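In order, the protein sequence lines correspond to chains E and S.
Residue numbering for the first sequence follows my numbering, beginning at 2 and increasing consecutively.
Residue numbering for the second sequence follows my numbering, beginning at 126 and increasing consecutively.
We put the CB at the ideal spot given by N, CA and C, even for glycine.
None of the values given here were measured: they were computed from a predicted structure.
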Amino acid sequence: MKLNYLDELEAEAIYIMREVAGQFDKPALLFSGGKDSICLVHLALKAFRPGKLPFPLVHVDTGHNSPEVIEFRDNLVAELGEKLIVRKVEDTIKERNLVDGKGKFPSRNGLQTYTLLDVISEFEFDACIGGARRDEEKARAKERIFSVRDEFGQWDPKKQRPELWSIYNGKVDKGENVRVFPISNWTELDIWNYIKRENIQLPPIYFTHSRECVLTDAGQLMANNEFLTLDDSDVLVTRNVRYRTVGDMTCTAAVESEAYTVDEIIAELKESKISERGATRMDDRVSEAAMEDRKKGGYF
Amino acid sequence: MDLLRFFTAGNVDDGKSTLIGRLLFDSDSISTDIIETLTKQSKTTGIDADIDLALLTDGLRAEREQGITIDVAYKYFSTEKRKFIIADTPGHTQYTRNMFTGASNADLAIILVDARNGITDQTKRHSIISSILGIPHVLVCINKMDLVNYDEAVFNQIEADYNEFAIPLKLNKISFLPASALAGDNVVKSSDKMTWFKGPSLMEFLENVEIIEDTEIKDSRFQVQYVIRPQTEELHDYRGYAGSVLSGSFKKGDAIQIFPSEIISEISKIERNGVEVEEAFASEPIILHLKDNIDVSRGSTIVPFSQLPSTEKEVNATICWMDNSSFKEGQKLLFQQNSFRTKAVLKEIESKIDIHSFKDLESDGTMNLNDFCNVRIKTAETVSFDSFRKNRKTGAFILINENTNSTVAAGVIG
Numbered sequence: 002m003k004l005n006y007l008d009e010l011e012a013e014a015i016y017i018m019r020e021v022a023g024q025f026d027k028p029a030l031l032f033s034g035g036k037d038s039i040c041l042v043h044l045a046l047k048a049f050r051p052g053k054l055p056f057p058l059v060h061v062d063t064g065h066n067s068p069e070v071i072e073f074r075d076n077l078v079a080e081l082g083e084k085l086i087v088r089k090v091e092d093t094i095k096e097r098n099l100v101d102g103k104g105k106f107p108s109r110n111g112l113q114t115y116t117l118l119d120v121i122s123e124f125e126f127d128a129c130i131g132g133a134r135r136d137e138e139k140a141r142a143k144e145r146i147f148s149v150r151d152e153f154g155q156w157d158p159k160k161q162r163p164e165l166w167s168i169y170n171g172k173v174d175k176g177e178n179v180r181v182f183p184i185s186n187w188t189e190l191d192i193w194n195y196i197k198r199e200n201i202q203l204p205p206i207y208f209t210h211s212r213e214c215v216l217t218d219a220g221q222l223m224a225n226n227e228f229l230t231l232d233d234s235d236v237l238v239t240r241n242v243r244y245r246t247v248g249d250m251t252c253t254a255a256v257e258s259e260a261y262t263v264d265e266i267i268a269e270l271k272e273s274k275i276s277e278r279g280a281t282r283m284d285d286r287v288s289e290a291a292m293e294d295r296k297k298g299g300y301f
Numbered sequence: 126m127d128l129l130r131f132f133t134a135g136n137v138d139d140g141k142s143t144l145i146g147r148l149l150f151d152s153d154s155i156s157t158d159i160i161e162t163l164t165k166q167s168k169t170t171g172i173d174a175d176i177d178l179a180l181l182t183d184g185l186r187a188e189r190e191q192g193i194t195i196d197v198a199y200k201y202f203s204t205e206k207r208k209f210i211i212a213d214t215p216g217h218t219q220y221t222r223n224m225f226t227g228a229s230n231a232d233l234a235i236i237l238v239d240a241r242n243g244i245t246d247q248t249k250r251h252s253i254i255s256s257i258l259g260i261p262h263v264l265v266c267i268n269k270m271d272l273v274n275y276d277e278a279v280f281n282q283i284e285a286d287y288n289e290f291a292i293p294l295k296l297n298k299i300s301f302l303p304a305s306a307l308a309g310d311n312v313v314k315s316s317d318k319m320t321w322f323k324g325p326s327l328m329e330f331l332e333n334v335e336i337i338e339d340t341e342i343k344d345s346r347f348q349v350q351y352v353i354r355p356q357t358e359e360l361h362d363y364r365g366y367a368g369s370v371l372s373g374s375f376k377k378g379d380a381i382q383i384f385p386s387e388i389i390s391e392i393s394k395i396e397r398n399g400v401e402v403e404e405a406f407a408s409e410p411i412i413l414h415l416k417d418n419i420d421v422s423r424g425s426t427i428v429p430f431s432q433l434p435s436t437e438k439e440v441n442a443t444i445c446w447m448d449n450s451s452f453k454e455g456q457k458l459l460f461q462q463n464s465f466r467t468k469a470v471l472k473e474i475e476s477k478i479d480i481h482s483f484k485d486l487e488s489d490g491t492m493n494l495n496d497f498c499n500v501r502i503k504t505a506e507t508v509s510f511d512s513f514r515k516n517r518k519t520g521a522f523i524l525i526n527e528n529t530n531s532t533v534a535a536g537v538i539g
């Protein structure tokens, strides 16, 4: 009997999470409020209930989140009765005297790496579970499921450990940590099919709604929000939009959509000719190796 | 819909990445923004074709600069029939360990051969690795047929040569396919230039090839990953053993034995997804409960009393040495089989395998990067295992250097 592909992906993810619980002293689950990390929480519950999750949820809050996402996060945590740790990029900027993102769309994507590394050392986390998927980006396509980072959080693509079968080596020295990606082998469509099958609840911004947006030169739609500085030449339009990824409101674009339901989103994705990050992320457009460079610097 | 995992291997210039690029491109699995980026990039690398399809899989800067694949890249696509995971593995000898990584989980190997060159040392190495890893099915894809005028005789000769070479490898199943990845012949659509070939195109082959499943193994195996003990008021006595069924199946009421402790007990309850079930099958993540309150911890193997595994403190295995520093007989390591980890010592390197002829060579007592050796390993605790040929889940292990924490070798138990 061969498992259905979603069962197989689910089984793989649960297996990986249980390896994390079995191998590490102080693991954490990095939670952004996006669909991928919401699926991670759902998988963690399947792996460990009726027990408590053997790790806290950790949110690195850029301060540029949609309020709907923060509300969703707090409700979810309250409902589950699990521990949530929030660390704010805002505070890191003050403590470390960093320069905040500038320009019209001030990104804190680079800055959140500082906060992430700080929270890892504050709690001495030795493993951080993340929702990165290999189909998102081609540097991610190269990363192991157990990705060892040095004490500076850096990924060295030339020194990756061999990773065979489903035998995971999570041995690290004190100060080092492992980033673990249980849904490495899932695609965007797999995530949505799983959300549908499991009836997983999501923040409302994933579904179509009317919103005032700035039309960028590249033709992307950025929700008009308090973090943007507009000038006279900006074109404001009101459109029916939804988000394909949840990220900073300053660098994550919305897409035009009429999809009210998960089924409609799945149908829309099957038709879509634009990749998830291509459609929504301004930060990956900088260069061909943007993601590889960020990972080498400690990004997740 | 099921899932097929396959890997591709070939010489540096066999057009492996191009073949994958072609599969993705012709199956509409590449988004327009990515094609746009690639078109720009292809111009800067100076390759004639409009889009250099190899750029789709070479994800690291160093790979794009050198035009070679260094590490495994995973790519995904699906059709109406199946979801596919491709591990695009490097061909260079110096990156054999990365190839081993990408190949280990595969249901199918696609080995590329350049029609002009026929079978090379690399072809042999990739085939031998597939044999050692017990890959259920090998597809030899004879590529660049456009450069030999789509000549049937060339294809037939390579097929005959390969079959002769492969006799000692005891591969489970071998298929052959002529193609031109660059021109798209026999990749997604059947080629009108090779009407003499009656088999399916690569895509049709992939959609229909039978996946030989580990679930066909009858002996049932389970290993504990994590012990769940909520210790709350209402679940005060709850003690569940979380893990996945490695092979076979387990039923409530089964008489079982636990290793290495050798204690005998009975399954009192099986939970899957929070629901009690009567029976659980291979690959399913479950929580097992035992009738007796006994000491069972992470790494314990649980088997039906009627299907006992081998239990030894010494195993004979074939290993691939993956570390840059060499290793000598008598040195210590950690041995890890799924969630079971124990100290070990390399007792003896019995022989080295010539990776191009599959013959055993005399060993000088050391192993170097990318060496394949037959070894004897002594472990501190008793290992319960099956031969890898019988069970890929319980016959495989890795070796870890206790000092550097690196994974230094992968092995299959003979």
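Assumed close pair residue i, residue j - CB separation to whole angstroms, cut-off 8 Å
i, j, result
"S/I412", "S/E396", "4 Å"
"E/V120", "E/V59", "6 Å"
"E/G102", "E/L112", "7 Å"
"S/L131", "S/I235", "Checking the sequence, you will find Phe at residue 131 of chain S rather than Leu. Indeed they touch by this definition, with Cβ atoms about 6 Å apart."
"S/S435", "S/D511", "7 Å"
"S/R241", "S/L272", "6 Å"
"E/I184", "E/D37", "6 Å"
Close-in-space but distant-in-sequence residues of the same chain around residue i (CB under 6 Å, 5 per side omitted)
i, result
"S/F322", "P303"
"E/F147", "Y169, G171, V179, V181"
"S/R222", "M447"
"S/K141", "T133, G135, L237"
"S/R364", "R354"
"E/I70", "In the sequence under discussion, the amino acid at residue 70 of chain E is Val, which differs from the Ile named in the question. G34, P204, V247, listed in sequence order."
"S/T340", "Any answer about S/T340 is weak, because its pLDDT of 46 lies below 50 and its placement is not dependable; what the coordinates show is given next. Answer for S/T340: A407, listed in chain order."
Sequence-distant residues of the same chain with beta carbon closer than 7 Å to residue i, five excluded per side
i, result
"E/E213", "N225, L237, T239"
"E/I201", "I39, C40, H43"
"S/I474", "E454, S488, G490, M492, C498, V500"
"S/K318", "Y275, D310"
Residue(s) in a DSSP beta bridge with residue i
i, result
"S/A285", "None; S/A285 has no bridge partner."
"S/E236", "It is worth fixing the name first, because residue 236 of chain S is Ile in this sequence and not Glu. According to DSSP, S/I236 bridges with S/A134, S/V265."
"E/S211", "E/N241"
"E/N178", "E/R150"
"S/D557", "Within the shown structure, residues of chain S are numbered from 126 to 539, placing residue 557 of chain S beyond reach of any answer."
"S/W446", "S/A534"
"S/H414", "S/K394"
"E/V254", "At residue 254 of chain E the sequence reads Ala, which differs from the Val that was named. For E/A254, which the question treats as bridged, DSSP gives no partner whatsoever."
"E/D136", "Looking at the DSSP assignment, E/D136 forms no beta bridge with any residue, so it has no partner."
Nonlocal neighbours in the same chain, by C-beta distance under 8 Å from residue i, ignoring five residues either side
i, result
"S/K295", "S256"
"S/D151", "G309, V312, V313, K314, M328"
"E/K197", "V263, D264, I267"
"S/G520", "F510, D511, S512, F513, R514, V537, I538"
Residue i burial status per 10 Å Cβ neighbour count (16 or more: buried)
i, result
"S/Q348", "buried"
"S/M270", "buried"
"S/T320", "exposed"
"S/I292", "exposed"
"S/V537", "buried"
"E/F153", "exposed"
"E/E164", "buried"
"S/T248", "buried"
"S/T143", "buried"
"S/K416", "exposed"
"S/G135", "buried"
"E/P68", "exposed"
"S/D239", "buried"
"S/V400", "exposed"
"S/M224", "buried"
"S/K477", "buried"
"S/A174", "Note that S/A174 scores a pLDDT of 49, beneath 50, so its modelled location is shaky; the value from the coordinates is reported in the next line. Exposed, by the Cβ-count rule."
"S/Q350", "buried"
- Quick one: which unbroken alpha helix (DSSP H) runs of 4-plus residues sit fully inside the segment 325 to 393 of chain S? Chain order, please. 327 to 333
- Message: List, from N- to C-terminal side, the beta strand (DSSP E) runs of 3 residues or more that fit wholly inside the segment 22 to 87 of chain E.
- Response: 28 to 31, 58 to 62
- Query: Of all the beta strand (DSSP E) runs that stay within the bounds of the segment 488 to 538 of chain S, which reach a length of 3 or more residues?
  - Reply: 497 to 510, 521 to 525, 532 to 538
- For the segment 286 to 314 of chain S, list the beta strand (DSSP E) runs that are entirely contained and at least 3 residues long, ordered along the chain. 299 to 303
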